Amino acid sequence: MVILRTTGPVWLRSRAFRAGELAVVSCLLFWGFVEAAPDTDTPRRPDPSQTLPPPPPAQERDDTDRIAPEITAPRRPEPAPPASPPLQAPPAVRTTDHTAYIELGRVAAAANLRGKWDGERRRLILSNGALRMEFEGESRAVSFDGVRIFLGEAIQSRGSALYLSTIDYQTAVRPLLFPEAAPPPGGPVRTIVLDPGHGGRDPGARSAVLGIEEKDMTLDVALRLRTLLEARGYRVILTRRDDRYVSLERRARIANMARADLFISIHFNAVDNASVAGAETFVLTPRHHRSTGQGSRRPEDVETHPGNHNDHWNALLGFYVQRQLLHDTGAADRGVKRARFSVLREVESPAVLVEAGYLSNSAEARRIANPAYRQQLAVSLARGVEHYRRTVNRVLQ
Ligand SMILES: [Zn+2]
120 MVILRTTGPV WLRSRAFRAG ELAVVSCLLF WGFVEAAPDT DTPRRPDPSQ TLPPPPPAQE
180 RDDTDRIAPE ITAPRRPEPA PPASPPLQAP PAVRTTDHTA YIELGRVAAA ANLRGKWDGE
240 RRRLILSNGA LRMEFEGESR AVSFDGVRIF LGEAIQSRGS ALYLSTIDYQ TAVRPLLFPE
300 AAPPPGGPVR TIVLDPGHGG RDPGARSAVL GIEEKDMTLD VALRLRTLLE ARGYRVILTR
360 RDDRYVSLER RARIANMARA DLFISIHFNA VDNASVAGAE TFVLTPRHHR STGQGSRRPE
420 DVETHPGNHN DHWNALLGFY VQRQLLHDTG AADRGVKRAR FSVLREVESP AVLVEAGYLS
480 NSAEARRIAN PAYRQQLAVS LARGVEHYRR TVNRVLQ
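Position in the sequence shown (from 1) plus 119 gives the number in the numbering used here.
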């Protein structure tokens with residue numbers, strides 16, 4: 120369980136500021152988009168066999184009040200068209216707040232994926248035999264190799280085409296399709312900081328039925344994971360090794376002082392609804408986007424935190440960890456989610472916060488109370504780290 124601390128001064132959150140908020144967000148979004156560095160992907164040649172539907176005629180795309188027919192912000196001169204389709208070319212549509220979108224057919228072409236369109240469910244499946252992505256119109260989640268990944272903006276659907284926000288493309292989809300699109304921060308993964316959630320006077324979540332507390336479960340998993348990672352040659356540092364209180368600021372400082380290559384915060388969750396169960400993995404919300412639990416935009420969404428320098432690698436780490444947890448434990452998939460938790464904001468290395476199960480669900484709490492299950496969780500996390508390390512090494516070559 121994590122208590123989210125809201126950032127930003129109170130006046131920023133006042134209603135009076137809301138009018139200007141959109142303008143600021145709009146400008147930043149626009150310039151953030153056009154100033155993006157030239158794409159470093161190596162776009163692959165479009166697959167001629169793809170069966171994507173053609174994009175709808177232009178007039179179909181601005182048939183609702185949510186879609187602005189024209190780009191209203193100033194344009195910069197466009198560079199000469201490159202030989203192959205760049206993935207950050209001007210988008211086909213913009214919403215009234217200037218969020219930029221990319222048509223998914225272009226993503227499919229660049230990644231050499233075949234598309235299958237299910238018009239009834241407004242669902243597009245992109246696959247190439249080795250991987251499979253599912254996008255659904257108006258949904259804020261996509262499925263990548265069976266793992267739910269939450270986006271900042273819902274997929275837009277116009278005619279028989281789906282559109283993904285450019286920021287979601289850059290921070291959620293592109294990392295998985297093109298890990299090499301951003302250089303790994305630092306070198307190979309050597310130092311890993313493990314952060315057992317809570318401790319001391321802060322017990323975290325509890326299972327009233329079993330009498331177990333989150334702080335003990337997280338420490339136990341972290342100690343098991345340390346043993347596994349050290350056996351694989353990593354240098355492992357814990358933010359706490361016993362039952363003591365450690366502030367969130369200090370946890371991030373420990374990771375930054377150690378020059379961590381990776382940071383994993385371990386938690387268990389609890390909610391009022393006792394039927395909720397499963398594993399979820401949080402990564403830091405990218406700039407300009409809403410966190411998963413956040414319905415509308417807030418002024419502080421435009422802030423950048425140290426962790427945002429790793430948006431690309433955070434997404435990969437979150438995906439590997441979540442996929443491995445689901446695969447090994449059979450836990451329900453609550454997805455890779457986004458939040459601006461304190462440790463995710465402040466840690467300078469790629470970082471995830473894992474909510475490995477719900478103590479408020481009696482069946483899941485019983486599993487968590489079992490040391491063999493906690494060992495399984497540690498093994499899964501170690502495997503997720505190994506996937507990540509292999510990808511980093513491949514990109515570094
Ligand atoms: Zn917690």
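Think of the CB as a built atom: it goes at the ideal place given N, C-alpha and C, for glycine as much as any other residue.
These numbers come from a predicted model, not from an experiment.
- Looking only at ARG509, SER499 and ARG459, the smallest Cα-Cα distance to LEU344 is reached by SER499.
- In the displayed model, PHE254 falls within a strand according to three-state DSSP.
- If you draw a straight line from the Cα of ARG267 to the Cα of LEU245, it comes to about 15 Å.
- When distances are taken from the beta-carbon of GLU332 to the heavy atoms of ligand 1, even the shortest one reaches 6 Å or more.
- Secondary structure within the segment 297-352: the alpha helix (DSSP H) runs of 4 or more consecutive residues, fully enclosed, are 333-350 (chain order).
- Closest by C-alpha distance to LEU347, out of LEU313, ARG325 and MET336, is LEU313.
- Secondary-structure assignment with DSSP links LEU243 through a beta bridge to TRP236 and PHE254.
- Put simply, of GLY449, TYR282 and ALA227 the residue whose alpha carbon is nearest the alpha carbon of GLN495 is GLY449.
- Sequence-distant Cβ neighbours of LYS235 in its own chain, meaning closer than 6 Å and more than five residues away, are ILE244.
- Counting along the chain, ASN388 sits inside the beta strand (DSSP E) bounded by residues 381-388.
- A direct Cα-to-Cα measurement between ILE385 and ARG509 gives close to 22 Å.
- Residue pairing of ILE373 in beta bridges, as defined by DSSP: absent, with no partner found.
- One alpha carbon belongs to GLY319, the other to TYR364, and they sit about 4 Å apart.
- Under the three-state reduction of DSSP output, ARG225 falls in the helix class.
- Annotated as proximal: PRO294 and HIS431, with beta-carbon spacing under 7 Å.
- Taking 6 Å as the cut-off, the C-beta of MET120 counts as close to a heavy atom of ligand 1.
- Listed in chain order, the non-local C-beta contacts of ASP287 below 7 Å within the same chain comprise LEU270, GLY271 and GLU272, local neighbours out to five positions each way being set aside.
- Relative to GLY412, the option among ARG372, VAL455, ASP380 and GLY397 whose CA is nearest is VAL455.
- Taking the CA atoms as reference points, ARG485 sits about 11 Å from GLY476.
- In this structure, the beta-carbon distance from VAL440 to PRO303 does not fall below 7 Å.
- In the three-state reduction of the DSSP assignment, GLU422 falls in the coil class, being assigned neither a helical nor a strand state.
- Spanning the alpha carbons of PHE438 and LEU445 requires a straight line of approximately 11 Å.
- Listed in chain order, the non-local C-beta contacts of SER262 below 6 Å within the same chain comprise GLU253, local neighbours out to five positions each way being set aside.
- Within the same chain, Cβ atoms closer than 7 Å to the Cβ of HIS317 are found at GLY323, GLU333, LYS334 and THR337, the five residues on either side in sequence being excluded.
- Our two residues, ASP339 and ARG493, have alpha carbons roughly 7 Å apart in a direct line.
- For ALA501, no beta strand (DSSP E) run applies; the uninterrupted alpha helix (DSSP H) run containing it begins and ends at 490-515, by DSSP.
- Relative to LEU329, the option among ASP362, GLU299 and ILE487 whose CA is nearest is ILE487.
- In this structure, the C-beta of GLY476 stays at least 6 Å away from each heavy atom of ligand 1.
- In the structure shown, ILE356 falls within a strand segment according to DSSP collapsed to helix, strand and coil.
- Look at LEU283 here: in three-state DSSP terms it is strand.
- A Cβ-Cβ separation of about 24 Å leaves ASP361 out of contact with SER468 under the 8 Å criterion.
- When DSSP reads this structure, TYR439 sits in no beta bridge, so it has no partner.
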